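Line order of the protein sequences matches chains A and B.
So in our numbering, spot 130 of the first sequence is number 130, and the numbers just go up one at a time.
So in our numbering, spot 57 of the second sequence is number 1057, and the numbers just go up one at a time.
Ideal placement from N, C-alpha and C gives every residue a C-beta, glycine not left out.
Note that this is a predicted model, so its numbers are computed, not measured.
Worksheet: one structure, shown below.
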Amino acid sequence: MHPRIVKLFLALVLCTGSLFPAFAQTPAASAGSTADQLAKLQTQVANAQSSADNAWMLVSAALVLMMTGPGLALFYGGLVRKKNVLATMMQSFAMMAIITVLWALVSYSLAFDSGTSFIGGLHHIFLRGVGLVPDTDYSATLPLQTFMIYQLMFAIITPALITGAFAERMKFSAMALFLILWSIFVYSPMAHMVWGKGGFLNASLGGRFPTLDFAGGTVVHVTSGVSALVCALYLGKRVGYPKEAMPPHSVVLSFIGACLLWVGWFGFNAGSALGSGPLATSAFVNTHFGAAGAALSWMLAEWIRSGKPSALGGISGAVAGLVAITPAAGFVQPMSAIVIGLLAGAFCYFMVIKVKNWFGYDDSLDAFGVHGAGGTLGAVLTGLFASSAINPIFKDAQGNTLPSGAVDGNWHQVLNQLVGIGLAWIISIVGTLILLKLVDLTVGLRVSRDQETEGLDLTQHGEEGYDFAS
Amino acid sequence: MQKIEAVIQPSKLDAVKDALLEVGIEGMTILEARGHGRQKGHTEFYRGREYTVDLLPKIKLEMVVPDELVEKAVQAILSSARSGKIGDGKIFISKIDEAIRIRNDERGPSAL
């Protein structure tokens, strides 16, 4: 007989053999009391749910990491001139290493320990008490380490987004120092206020001004986008901007990066359900519809204005839509998601193409125009479109569902959203200004004029992205 | 001996090579070049910013040929590289004093 067939036959025999003992055990198991059986069953059900949630959350954490590297690294890397491609990619990659260590040392504790209304305490520094047992305030089914590592991926991508504003002109050392400080003094407090226990803006854990931010519209995109604008203004323009032509050196790289961002964003938004239930489905669906709507409206705006829909326009629109749907993902109906996307694509197009030129700042890769503007718009629209039919987040003392957003009749939520947005803008502007000043006085922010002309790949890293001669 | 330098559209390279081979030109050097003559470039848009690209990709062929082959070679290039539109390129011809084959010191037209 053919050896493969022999193997198959043996495998079948083994399988059937292992079935019989199982049948034999069934009557024996029923010997225990009904109460014992029920308790056992409950534990098994809880374990099964925990495993299902944990599986999705670990995949989501990996997806969110993929957004930074290679997603954002490629997206930004393609948009710069070829002498700066590696330096730009390194800025994203460096966050994957630096923020990870920082998170373990102190910033996880500052974000998610109970602490005050504005910042977490220090009980979890060095990840003390962050084990495999769930923290029921955050999630009853996830090992706390799963929650911790998932939140870390957000802390990594947020400072990496800012690098788009100062691309092609900041020292690597200054960038690293500034973003470490930024992560501690801007990101951690903001994450604590919106998502941390007792946070000032926390909607599900009793905040003073409950702001709806499902996956980080204010925490991630408003903070990074507004800080990016401050960076662009503080550092000043690149040498030669805007007279010299600085077209993207490879829209192909950006294209791959943006598509990876789109896929990774399912982990970002649907993962923010912190479980694998129907809420994750809702966030997943909305994420996709938001991205599609904005890709469409940016391309259409461009088609009408300059006669051609471009690849760069399509992917920029998709990212803008993903940004805007982020705070709304687990709160709105799919049709609302399309509307949010359509509005975000057109609005961010207007910010990038018109507003940037009116004011003349050099937000090199449009971190503010896409993340700051899209995040702010998305956070406002979340207050408008949040529906208690999707996510009954507000309840009265008796446990009855209260209206979520303006579509439910709760116009007050729009005001709450504005408080959250306002706070995010203020903490980003003030924090970034102080930290930039500090780094400027100590290590200096910009590379020299000569180094900028030569390119950051060679002067900061001693490498070249493309060496076709070898 | 004369040197023929021809700047042509990149898309015409294969046709020109075949035509030159047919008239008996055995060797040539090809360079990827950028440039423009009276043909102006085009504009590109990236996130609303307009960039004028005035140096366009071209191919430059260089060959040194015996005097009796010059006219045939020129005709071969003209007929194969011409599309009739602006941007088809140019041919330059100049005298060559000496040619030396590195392998064996051979000199003059027999070194070509």
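Could you give the C-beta distance for residue 343 of chain A and residue 377 of chain A, rounded to a whole number, given that I count them as a contact under 8 Å?
-> 7 Å
When DSSP labels each residue in this structure, what does residue 71 of chain A get in the three-state scheme?
-> helix
Does residue 1056 of chain B get closer than 8 Å to chain A when you measure Cβ to Cβ?
-> no
Assign residue 185 of chain A to buried or exposed, taking buried as 16 or more other Cβ atoms, counted over all protein chains shown, within 10 Å of its Cβ.
-> buried
Close Cβ partners of residue 447 of chain A (< 8 Å) along its chain, the five nearest in sequence each way excluded | 169, 170, 171, 456, 459 and 460
Residue nearest to residue 353 of chain A in terms of C-alpha spacing, selected from A:276, A:312, A:286 and A:205 | A:312
Which residues does DSSP pair with residue 1053 of chain B in a beta bridge?
-> B:1042
Between the Cα of residue 238 of chain A and those of A:162, A:112 and A:453, spot the shortest distance and give me the residue it belongs to.
-> A:453
Straight-line Cα distance separating residue 345 of chain A from residue 105 of chain A | 39 Å
Residues in the stretch 1031-1047 of chain B with C-beta within 7 Å of chain A's C-beta atoms, listed in sequence order?
-> 1044, 1045, 1046 and 1047
Residue environment, residue 302 of chain A, which counts as buried when at least 16 other CB atoms sit within 10 Å | buried
Which bits of chain B does residue 353 of chain A rub up against, with CB to CB less than 8 Å?
-> 1047 and 1048
Chain B beta carbons: is any one of them nearer than 8 Å to that of residue 165 of chain A?
-> no
Could you please tell me which residues of the stretch 239-270 of chain A, in chain order, have their CB closer than 7 Å to any CB of chain B?
-> 245, 247 and 248
Proximity to residue 375 of chain A [Cα-Cα], best of A:320, A:37 and A:112 | A:320
Within chain B, the residues that residue 306 of chain A reaches when beta carbons sit closer than 7 Å | 1045
May I ask you to report which of helix, strand or coil DSSP gives residue 1023 of chain B?
-> coil
The stretch 377-395 of chain A in contact with the stretch 199-214 of chain A per 3-pair CB rule at 8 Å | yes
Contacts around residue 187 of chain A, its chain only, beta-carbon distance under 8 Å, and the 5 residues preceding and following it disregarded | 107, 111, 155, 158, 159, 219 and 223
Go to residue 1090 of chain B, then tell me how far its beta strand (DSSP E) extends in each direction, as first and last residue.
-> 1089-1095
Could you tell me whether any Cβ in chain B is nearer than 8 Å to the Cβ of residue 476 of chain A?
-> Nothing about residue 476 of chain A can be read from this structure; chain A reaches only from 1 to 470.
Inter-residue Cα distance where the pair is residue 442 of chain A and residue 96 of chain A = 24 Å
How would you list, in chain order, the residues of chain B whose beta-carbon sits under 8 Å from the beta-carbon of residue 366 of chain A?
-> 1047
Is it the case that the Cβ atoms of residue 78 of chain A and residue 253 of chain A are separated by a distance below 8 Å?
-> yes
Within-8 Å CB hit, residue 312 of chain A to chain B | yes
Beta-carbon proximity of residue 164 of chain A to residue 145 of chain A, cut-off 8 Å = no
Is the stretch 57-73 of chain A close to the stretch 85-101 of chain A, with three or more CB pairs under 8 Å?
-> yes
Can you tell which of A:63, A:59, A:242 and A:317 has its C-alpha closest to the C-alpha of residue 360 of chain A?
-> A:242
Residue 1007 of chain B, enclosing beta strand (DSSP E) - first and last residue = 1002-1008
Are residue 273 of chain A and residue 280 of chain A closer than 8 Å when you measure CB to CB?
-> yes
My understanding is that residue 150 of chain A touches residue 60 of chain A, with C-beta atoms under 8 Å, so please give their C-beta distance in whole angstroms.
-> 6 Å
What did DSSP end up calling residue 400 of chain A once you bin it into helix, strand or coil?
-> coil
Kindly say whether residue 139 of chain A, judged by its beta-carbon, lies nearer than 8 Å to any beta-carbon of chain B.
-> no
Look at the alpha carbon of residue 232 of chain A and the alpha carbon of residue 166 of chain A, and state the distance between them as a whole number of angstroms.
-> 6 Å
Residues in its own chain within less than 6 Å of residue 327 of chain A by CB, not counting five upstream and five downstream?
-> 213, 214, 217, 378, 379 and 382
Closer than 7 Å by C-beta to residue 25 of chain A: which residues in its own chain qualify, once you throw out the five before and the five after it? Chain order, please.
-> In this prediction, residue 25 of chain A scores a pLDDT of 49, lower than 50, which makes its location untrustworthy; the coordinate-derived value is nonetheless stated afterwards. Result list for residue 25 of chain A: empty, nothing under 7 Å.
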